[in-house]
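First to last, the protein sequences are chains A and B.
According to the numbering used here, the first sequence is numbered sequentially starting from -4.
According to the numbering used here, the second sequence is numbered sequentially starting from -4.
Glycine residues also receive a C-beta, built at the ideal position from the N, C-alpha and C atoms.
Keep in mind the model is a prediction, meaning the values are calculated, not measured.
2 protein chains.
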Amino acid sequence: MIVQSRKTRQKDAIRAAFLSANRPLSPDETLHHARELVEGISIATVYRNIGSLLEENWLTAIALPGETARYEVAGKEHHHHFRCNACHKIFEMPGCGVQFEPNLPKGFRVTGHEFFLSGNCAACR
Amino acid sequence: MIVQSRKTRQKDAIRAAFLSANRPLSPDETLHHARELVEGISIATVYRNIGSLLEENWLTAIALPGETARYEVAGKEHHHHFRCNACHKIFEMPGCGVQFEPNLPKGFRVTGHEFFLSGNCAACR
DNA sequence: ATGCTAACTAAAATAGAGTATCACTAATGC
DNA sequence: GCATTAGTGATACTCTATTTTAGTTAGCAT
């Protein structure tokens, strides 16, 4: 039989990091979480596995204004994110909760929206 | 008398670029617009002048998710932006037009919001 | 248990955006 | 017009995020 991918402690730790954090993580945050499960895991491994988890659609990327991208477990319903200005952690806000009346020039077609709140998280107040 | 700053064709061209474009520009877009007024203007000059126009509060920076920052003439009322998925130009949407009911964990305090629409601009449809 | 090789670590290389340097140009005060 | 020096153009450099490389480890079929 032809082996195409292997189950490794490192990839398991990276998946576990996202599942237990329950919020979007940067590659660096992912590294720190995964290090608690697999000592010595390297940042290159984190990047490589984030890449393959994205390809598998187990993760999705979250682009943020003025910040490096975060990643979260895929398949959640449409929702938005909150950034703490003190600790810079990103949190999920379940549900969309946004209504808008775009004031756009003629001929523009809207296909998507992104919404971000910022402020202070409970731990930073 | 001590001269503190000089009026240059280049800085005028950069200001003119923002005024005529009437939408937020990246440094590179600014360069191309300004080149039509001052042949041979350099990207270093664009960065330098964007920097000084920010200090003068003539420009403000706009951070975008997954994109390099754009700059627009300062002092406009609170508004949001639209990104064309085809040409990647950013457009302004006058007025805020957003209502939201954040579904946040206990203890979080909201101090700001950012909102972006995406789709296709009139020229790209 | 062994062999094959995917996946790993550590380090170096790359990429892209922005900044610094320096010789030269040109705006301004006299 | 001339001297002064801020601003410019070209390019080298920095910084940070990410990718690649080379050598090593370990998952899995046999």
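In angstroms with no decimal places, state the Cα-to-Cα distance between residue i and residue j.
i, j, result
"A/Ile38", "A/Pro22", "8 Å"
"A/Thr25", "A/Ile9", "7 Å"
"A/Pro122", "A/Glu50", "One cannot answer for residue 122 of chain A here, as it falls past the ends of chain A, which runs -4 to 120."
"B/Ile57", "B/Glu87", "11 Å"
"B/Ser47", "A/Asn44", "42 Å"
"B/Val33", "A/Val68", "49 Å"
"B/His74", "A/Trp53", "35 Å"
"B/Ala132", "A/Val(-2)", "Nothing can be reported for residue 132 of chain B: it is not among the residues displayed for chain B, which extend from -4 to 120."
"A/Asn115", "A/Pro19", "16 Å"
"B/Lys84", "A/Gly102", "15 Å"
"B/Leu14", "A/Arg104", "25 Å"
"B/Gly70", "A/His76", "27 Å"
"A/Gly35", "A/Glu62", "26 Å"
"A/Ala16", "B/Tyr42", "39 Å"
"B/Gln5", "A/Cys119", "45 Å"
"A/Thr40", "A/Ala81", "29 Å"
The alpha helix (DSSP H) spanning residue i covers which residue range?
i, result
"A/Thr25", "22 to 30"
"A/Val41", "38 to 50"
"A/Arg18", "No alpha helix (DSSP H) holds A/Arg18; DSSP gives it neither H nor E."
Tell me the residue span of the beta strand (DSSP E) that contains residue i.
i, result
"B/Ala117", "No beta strand (DSSP E) holds B/Ala117; DSSP gives it neither H nor E."
"A/Gln94", "93 to 95"
"A/Ala58", "54 to 59"
"B/Ala64", "62 to 68"
"A/Met(-4)", "Note, A/Met(-4): premise wrong, no beta strand (DSSP E); not H, not E."
"A/Glu34", "Careful: A/Glu34 lies outside any beta strand (DSSP E) and carries neither H nor E."
"B/Glu72", "Note, B/Glu72: premise wrong, no beta strand (DSSP E); not H, not E."
By DSSP's criteria, residue i is part of a beta bridge. Which residues make up the other side?
i, result
"A/Ser113", "A/Arg78, B/Gly107"
"B/Ile9", "None; B/Ile9 has no bridge partner."
*Contact the region 87 to 97 of chain B vs the region 91 to 101 of chain A: 3+ CB pairs below 8 Å*: yes
Check: Looking at C-beta atoms only, is the number of pairs between the region 97 to 116 of chain B and the region 106 to 118 of chain A that lie closer than 8 Å three or more?
Finding: yes
_Measuring CB atoms only, is the region 29 to 36 of chain A touching the region -2 to 13 of chain A, in the sense that at least three cross pairs come out at less than 8 Å?_
yes
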